[in-house]
Amino acid sequence: MTRETQVWIIEDNPKIGAHVGLFLTDHGHQVEVMPTAEAAGEQLRLGGPPDVMLVDIRLPGQSGLDWIERLDRDLLPRVIVISGEATVSEALTAMKAGVHDFIEKPFSDERLLYAVRNCLEKQQLRLKVADLEQRLNTSKPMIGEDPATQTTMRRIEKVAPTNGRILITGESGTGKEVVAATIHRLSPRKNKPFVKINCAAIPTNLIEGELFGHVRGAFTGAVGTKIGLFEQADGGTLFLDEIGDMEFPLQARLLRVLEDGKVRRLGDREERKVDVRVLAATNKDLKAESAQGNFREDLYYRLSSLPIHVPPLRERRGDIKLLLSYYVNQFCVQHQTGMKQLDAALLDVLNAYHWPGNIRELRNLAEQLVVFGGNPITTADLPSHIFEKENHAPHGLLRISEIPTMPWKKFKAQCEKEYLETVLHRANWNMKKVAQQLSINRTYLHTKVAALGIHRKKS
Numbered sequence: 001m002t003r004e005t006q007v008w009i010i011e012d013n014p015k016i017g018a019h020v021g022l023f024l025t026d027h028g029h030q031v032e033v034m035p036t037a038e039a040a041g042e043q044l045r046l047g048g049p050p051d052v053m054l055v056d057i058r059l060p061g062q063s064g065l066d067w068i069e070r071l072d073r074d075l076l077p078r079v080i081v082i083s084g085e086a087t088v089s090e091a092l093t094a095m096k097a098g099v100h101d102f103i104e105k106p107f108s109d110e111r112l113l114y115a116v117r118n119c120l121e122k123q124q125l126r127l128k129v130a131d132l133e134q135r136l137n138t139s140k141p142m143i144g145e146d147p148a149t150q151t152t153m154r155r156i157e158k159v160a161p162t163n164g165r166i167l168i169t170g171e172s173g174t175g176k177e178v179v180a181a182t183i184h185r186l187s188p189r190k191n192k193p194f195v196k197i198n199c200a201a202i203p204t205n206l207i208e209g210e211l212f213g214h215v216r217g218a219f220t221g222a223v224g225t226k227i228g229l230f231e232q233a234d235g236g237t238l239f240l241d242e243i244g245d246m247e248f249p250l251q252a253r254l255l256r257v258l259e260d261g262k263v264r265r266l267g268d269r270e271e272r273k274v275d276v277r278v279l280a281a282t283n284k285d286l287k288a289e290s291a292q293g294n295f296r297e298d299l300y301y302r303l304s305s306l307p308i309h310v311p312p313l314r315e316r317r318g319d320i321k322l323l324l325s326y327y328v329n330q331f332c333v334q335h336q337t338g339m340k341q342l343d344a345a346l347l348d349v350l351n352a353y354h355w356p357g358n359i360r361e362l363r364n365l366a367e368q369l370v371v372f373g374g375n376p377i378t379t380a381d382l383p384s385h386i387f388e389k390e391n392h393a394p395h396g397l398l399r400i401s402e403i404p405t406m407p408w409k410k411f412k413a414q415c416e417k418e419y420l421e422t423v424l425h426r427a428n429w430n431m432k433k434v435a436q437q438l439s440i441n442r443t444y445l446h447t448k449v450a451a452l453g454i455h456r457k458k459s
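full-length UniProt numbering applies: residue 1 is where the sequence shown begins, and numbers increase by one.
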């Protein structure tokens, strides 16, 4: 059985206090009416805060506004200001301080009930966020209550204590790096280094030296010896982000390290033994990439002993409200704006949005809403693209509606053949150029041309 929520009404007008108290009692709340701020302050000292405080600005003795400004900042989101005589300046002062809502007298019962329910819901959400933050600080991986998120969390907790290699897959912005860091924190290697590198962010001619290190004179500009990331991560974890963008020749060197656990710096003859757990992440389908000759199949199987997929935000919509509240609260503190409320209609719009940028996009949006938005934050504060429907074109590259039904293998082979013939014709059968355009290995291209029975037509 859930307890009754406690509501304090700090109001010197006995008629208003009695009416509001009776109305809220009828709606299941435990109500206490106090005529002065001093009485409320004494009650706070004796028994702690209620769930919601309705405070009139004009009170005998200490004014409601003065009392609010002296309150602990953590209590302000529980406060709803009610007044019929407040100036614009006083209203702004109260809202900037971080109170939940401001209601002008006379107000309707519906407006009051909406404010109280919204305040209680926000308070419950804050408690959930605080609990999730605590769990996150104790090495929990992700914020979320959606079943898809919970499934991923359980997989993380199972694989983390092992020493197996893990391939983390998912779209850009879903939090793959957070998952990797959490796996390290939950592993027996947690007190050893966690070293990460983005394989797509470093130029190809530099990444080999970053991973394996080099000795003095190994190449032009190598004025000293540098320890590579494998050696830096010895005893710990090395996270290879965007592994799908690693160049083919470097994949062979990585495979060798994974097989024998030895690294050799560029320009050096000596091999060094390292004990490193490798975690890799990608937004590509490495199995399909290996089938096309873009990624070594043997390396793929070496890396993906224990696969973990991080679902996109559109597949875990149950987390949107909690994530948004978490980031809004975080940025309110960071930018010192005072706590801001979220209008219910705002969440309806965000739940319908398709989130192509996933959690990274939501986090960026939360910061924009905190800095540029009002209080409460409403749909009027949202950028226009949030309201655009996801574009589902009637057809993509192929006019599917015009293609007769045929066996799947025949359809796939015919599509590949026609597309490859077209690209070869455009490039005047320059195989090197075509391989580069299609991002495939030239040997694989020759094999595919022969397998599909494509022949160059004579002029």
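We put the beta carbon where it would ideally sit given N, CA and C, even for glycine.
Give me whichever residues DSSP pairs with residue i in a beta bridge.
| i | result |
| --- | --- |
| residue 262 | 273 |
| residue 241 | 198 |
| residue 102 | 81 |
| residue 124 | Per DSSP, none; premise fails for residue 124. |
| residue 282 | 169 |
| residue 213 | 227 |
| residue 330 | Beta-bridge pairing links residue 330 to no other residue. |
| residue 52 | 7 |
| residue 32 | 8 |
| residue 309 | 169 |
| residue 342 | 377 |
Given that a residue counts as buried once 16 or more other Cβ atoms are within 10 Å of its Cβ, and exposed if not, what is residue i?
| i | result |
| --- | --- |
| residue 152 | buried |
| residue 112 | buried |
| residue 447 | exposed |
| residue 372 | exposed |
| residue 205 | exposed |
| residue 333 | exposed |
| residue 4 | exposed |
| residue 443 | exposed |
| residue 233 | buried |
| residue 335 | exposed |
| residue 422 | exposed |
| residue 53 | buried |
| residue 271 | exposed |
| residue 14 | exposed |
| residue 406 | exposed |
| residue 439 | exposed |
| residue 259 | exposed |
| residue 285 | exposed |
| residue 324 | buried |
| residue 230 | buried |
| residue 102 | buried |
| residue 45 | exposed |
Could you give the distance in angstroms between the alpha-carbon of residue i and the alpha-carbon of residue j?
| i | j | result |
| --- | --- | --- |
| residue 300 | residue 362 | 31 Å |
| residue 7 | residue 122 | 15 Å |
| residue 239 | residue 198 | 8 Å |
| residue 148 | residue 310 | 9 Å |
| residue 200 | residue 275 | 25 Å |
| residue 456 | residue 356 | 41 Å |
| residue 354 | residue 125 | 23 Å |
| residue 219 | residue 164 | 35 Å |
| residue 329 | residue 241 | 29 Å |
| residue 425 | residue 261 | 46 Å |
| residue 58 | residue 337 | 25 Å |
| residue 196 | residue 80 | 47 Å |
| residue 16 | residue 85 | 15 Å |
| residue 413 | residue 420 | 11 Å |
| residue 383 | residue 43 | 44 Å |
| residue 376 | residue 185 | 37 Å |
| residue 410 | residue 194 | 48 Å |
If contacts are defined as beta-carbon pairs under 8 Å, then residue i and residue j qualify, I think. What distance do you get, rounded to the angstrom?
| i | j | result |
| --- | --- | --- |
| residue 303 | residue 280 | 5 Å |
| residue 143 | residue 326 | 6 Å |
| residue 452 | residue 431 | Not really, about 14 Å apart at Cβ, beyond 8 Å. |
| residue 441 | residue 450 | Not a contact, Cβ separation roughly 14 Å. |
| residue 187 | residue 203 | That belief does not hold up - the Cβ atoms of residue 187 and residue 203 are roughly 31 Å apart, past 8 Å. |
| residue 227 | residue 213 | 5 Å |
| residue 273 | residue 235 | That belief does not hold up - the Cβ atoms of residue 273 and residue 235 are roughly 12 Å apart, past 8 Å. |
| residue 466 | residue 189 | A query on residue 466 cannot be resolved here, the shown segment of the chain reaching from 1 to 459 and no further. |
| residue 65 | residue 87 | Going by Cβ atoms, the distance from residue 65 to residue 87 rounds to 10 Å, so no, they are not a contact pair. |
| residue 346 | residue 378 | 6 Å |
| residue 358 | residue 61 | Not really, about 53 Å apart at Cβ, beyond 8 Å. |
| residue 82 | residue 116 | Their Cβ separation, rounded to whole angstroms, is 11 Å, which puts residue 82 and residue 116 out of contact at 8 Å. |
Open item on the list: Under 8 Å, with one C-beta from each stretch per pair, do the stretch 96–114 and the stretch 67–83 reach the 3-pair mark?
Closed with: These segments touch.
Open item on the list: Quick check: the stretch 289–298 against the stretch 244–253, are at least 3 beta-carbon pairs closer than 8 Å?
Closed with: yes
Task: Cβ contact (3+ pairs, closer than 8 Å) linking the stretch 162–171 and the stretch 342–354 - done: no
TODO: Report yes or no: do the stretch 189–209 and the stretch 308–319 share at least 3 C-beta pairs separated by less than 8 Å?
DONE: The stretch 189–209 makes no contact with the stretch 308–319; the number of CB pairs closer than 8 Å stays below 3.
Task: Sufficient close CB pairs (3 or more, under 8 Å) joining the stretch 179–187 to the stretch 253–268 - done: no
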